[in-house]
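Here the structure is laid out as structure tokens; the discussion comes afterwards.
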Amino acid sequence: MSAVSYAVIGGGILGAAVARRLQVVDPDASVTVWEKEDRLAAHQTGRNSGVVHAGLYYEPGSLKATLCRRGVGLLRDFCDEHDIAYDACGKVLVALDAAEEGRLDAIEAKALANGVPGIRRLSAGELQEIEPHVRGVGGLHSPSTAIVDFPGVTRRLAELVERDGGTVRLSTELTGVRHDGTGVVLTARTPDGPLEERFDRVVLCTGLWADHTAEQAGDTREPQVVPFRGEYLLLRPERRSLVNGLVYPVPDPRYPFLGVHLTPRVDGEVMVGPNAVLALAREGYDWRTVSARDLREIAAYDGFRRFARQHWRTGVMEMAGSLSRRRFVAAARRYVPELRLDDVVSGPSGIRAQALERSGALVDDFRITTRDRVTALRNAPSPAATSSLAIAEHVVDVVLGREVAR
Numbered sequence: 390m391s392a393v394s395y396a397v398i399g400g401g402i403l404g405a406a407v408a409r410r411l412q413v414v415d416p417d418a419s420v421t422v423w424e425k426e427d428r429l430a431a432h433q434t435g436r437n438s439g440v441v442h443a444g445l446y447y448e449p450g451s452l453k454a455t456l457c458r459r460g461v462g463l464l465r466d467f468c469d470e471h472d473i474a475y476d477a478c479g480k481v482l483v484a485l486d487a488a489e490e491g492r493l494d495a496i497e498a499k500a501l502a503n504g505v506p507g508i509r510r511l512s513a514g515e516l517q518e519i520e521p522h523v524r525g526v527g528g529l530h531s532p533s534t535a536i537v538d539f540p541g542v543t544r545r546l547a548e549l550v551e552r553d554g555g556t557v558r559l560s561t562e563l564t565g566v567r568h569d570g571t572g573v574v575l576t577a578r579t580p581d582g583p584l585e586e587r588f589d590r591v592v593l594c595t596g597l598w599a600d601h602t603a604e605q606a607g608d609t610r611e612p613q614v615v616p617f618r619g620e621y622l623l624l625r626p627e628r629r630s631l632v633n634g635l636v637y638p639v640p641d642p643r644y645p646f647l648g649v650h651l652t653p654r655v656d657g658e659v660m661v662g663p664n665a666v667l668a669l670a671r672e673g674y675d676w677r678t679v680s681a682r683d684l685r686e687i688a689a690y691d692g693f694r695r696f697a698r699q700h701w702r703t704g705v706m707e708m709a710g711s712l713s714r715r716r717f718v719a720a721a722r723r724y725v726p727e728l729r730l731d732d733v734v735s736g737p738s739g740i741r742a743q744a745l746e747r748s749g750a751l752v753d754d755f756r757i758t759t760r761d762r763v764t765a766l767r768n769a770p771s772p773a774a775t776s777s778l779a780i781a782e783h784v785v786d787v788v789l790g791r792e793v794a795r
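Be aware that the sequence shown starts at 390, since it is given in this note's numbering, and climbs by one per residue.
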């Protein structure tokens, strides 16, 4: 019996993790990864804040909650085994008033239900003991929340895939998917010209292009991906001591995104942000990058128009923060009053591939669909990187028919 051949499209942390998991489950399999960029982790994986989420916010019993909690343990063990930077620096959610302090009750209950270790409510004084420069009326402490080198994890997973006989093809952009009855024929654009290969099964982990590639494979376009850019500032080196760990706001359920927070990274940087503004292209990491095609798609989608009508005020505020560094810093100063405008410099930006339902609702949980021999990871919002190794287990179970895709 010949070995089963698998193609994984996408060289972010999810694609690399799925490819590696396929090899672990089926050592005789032929596994190939296609990545359209000339390097791995070029987009969401390499442009996020590097936070390993503990599972504070997620609805108990949801795929997010389940895979986040399992993913944390798998990720920590993987980093220990392969000597990849991982720092459990802890996180505080800072309540600025009584209303926010009240909202901590529901978050604490979810965290406890999800089995997050060490969760502790903080008084104003206890908050200052952990974060001397932070001010609030109270808080919630998650000591196990960590930071990690996600691109490093991705590269190591890919190295293991290649070590055990798999193939990682960079600069290989998927252009077509054709079902031939017994397999899947994929075509790609490469620097050496067109490429065509046939595989038994295909897994799509394409992030910002998840709706496009799923449609190529015969699935529906919905839910459609809408790109939101998150912009960061960086603390100057001499001001990084303003925080010891992660400093986050208390989420407001009325708004779709979390808001500005302060995030140390394993490379020593401290990020301030992000905001959340509509990107003018799927890979539009700044205001200068504009795609008329992408904008037409967004504007034509009923789901985005309904979302925009509901949240336009938030959009205006986020846009103002993007265009005014003073406003951006003022949002962070609510938690760290000592922060000054000249304490920060320009930082990186990333894109959140947010799937939207036609109703205008954000797709909040992970979503996986299968059509014939193609399995697509349609929505993988935060904590997808944290959960990557657990998501890979789940996706491979779906591919092998061990689980029903959600």
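Each residue gets a CB set at the ideal place from its N, CA and C atoms; glycine is no exception. Values in this document were obtained by computation on a predicted structure and should not be read as measured data.
The beta carbon of S777 lies closer than 6 Å to those of I402, L403 and A406 in the same chain, with the five residues before and after it left out.
The region 550-557 makes no contact with the region 500-516: fewer than 3 CB pairs, one atom from each, lie closer than 8 Å. Inclusion of P612 and A668 in the CB contact set at 8 Å is not warranted, their separation being larger than that value. A straight line joining the alpha-carbon of A396 with that of R587 spans about 9 Å. Shown here, Q517 sits in a helix according to DSSP, grouped into three states. Secondary structure note for E562: its beta strand (DSSP E) is the uninterrupted segment E562 to H568.
Note: P416 is not bridge-paired with any residue in the DSSP secondary-structure output.
Scanning N768, E658 and P638 for the CA closest to the CA of R629 turns up E658.
Around the Cβ of V734, a 10 Å sphere holds fewer than 16 other Cβ atoms; the residue is exposed.
Listed in chain order, the alpha helix (DSSP H) runs fully inside the region 690-758 are 691-712 and 714-722, counting runs of at least 4 residues. The three-state reading of DSSP puts V632 in coil, since its state is none of H, G, I, E or B. The beta carbon of R677 sits closer than 7 Å to no other beta carbon from its chain once the five residues preceding and following it are set aside.
A straight line joining the alpha-carbon of R702 with that of F696 spans about 11 Å. Between G596 and G399, the gap from beta carbon to beta carbon is short of 8 Å. For L452 against F755, the beta-carbon gap comes to about 5 Å, under 8 Å, which counts as contact. Sorting D753, L631 and R465 by C-alpha distance to the C-alpha of P521 places L631 at the top. Excluding residues up to 5 positions away in sequence, A392, V393, S394, Y395, L411 and Q412 lie with their Cβ nearer than 8 Å to the Cβ of A418 in the same chain. The beta-carbon separation of H432 and G479, rounded to 28 Å, does not stay under the 8 Å limit for a contact.
Looking at H601, A781 and N633, the one whose alpha-carbon comes closest to that of L546 is A781.
Collapsing the DSSP output to three states places I780 in a helix. Taking 4 residues as the minimum length, the alpha helix (DSSP H) runs contained wholly in the region 392-442 are 402-414, in order along the chain.
Judged by beta-carbon spacing, E585 lies beyond the 8 Å limit of K425, meaning their Cβ atoms are not closer than that value. Taking all protein chains in view, the Cβ of P638 is crowded by 16 or more other Cβ atoms within 10 Å, so the residue is classified as buried.
The beta-bridge partner set that DSSP reports for G528 consists of V483 and L511. The secondary-structure analysis by DSSP pairs D476 across a beta bridge with I536. Given a length threshold of 3 residues, each whole run of the beta strand (DSSP E) inside the region 590-666 is given here in chain order: 590-593, 613-624, 635-638, 650-653 and 659-662.
By the Cβ neighbour-count rule, V705 is exposed, with fewer than 16 other Cβ atoms within 10 Å of its own. Proximity to L712 across G570, A665 and S748 peaks at A665, based on C-alpha coordinates. For P663, the closest C-alpha among the options A670, T764, L623 and V591 is that of L623. Here S512 is near G527, since their CB atoms are less than 8 Å apart. Here A488 carries a helix assignment [DSSP, helix/strand/coil].
Within the same chain, and ignoring the five residues on either side of A474 in sequence, the residues whose Cβ sits closer than 6 Å to its Cβ are D538 and V655. Looking at R694, C594 and D731, the one whose alpha-carbon comes closest to that of E627 is D731. The criterion of a C-beta distance shorter than 8 Å is satisfied by A765 and T758.
For V523, no alpha helix (DSSP H) run applies, since DSSP gives it neither H nor E.
Under DSSP, G582 forms a beta bridge with T579.
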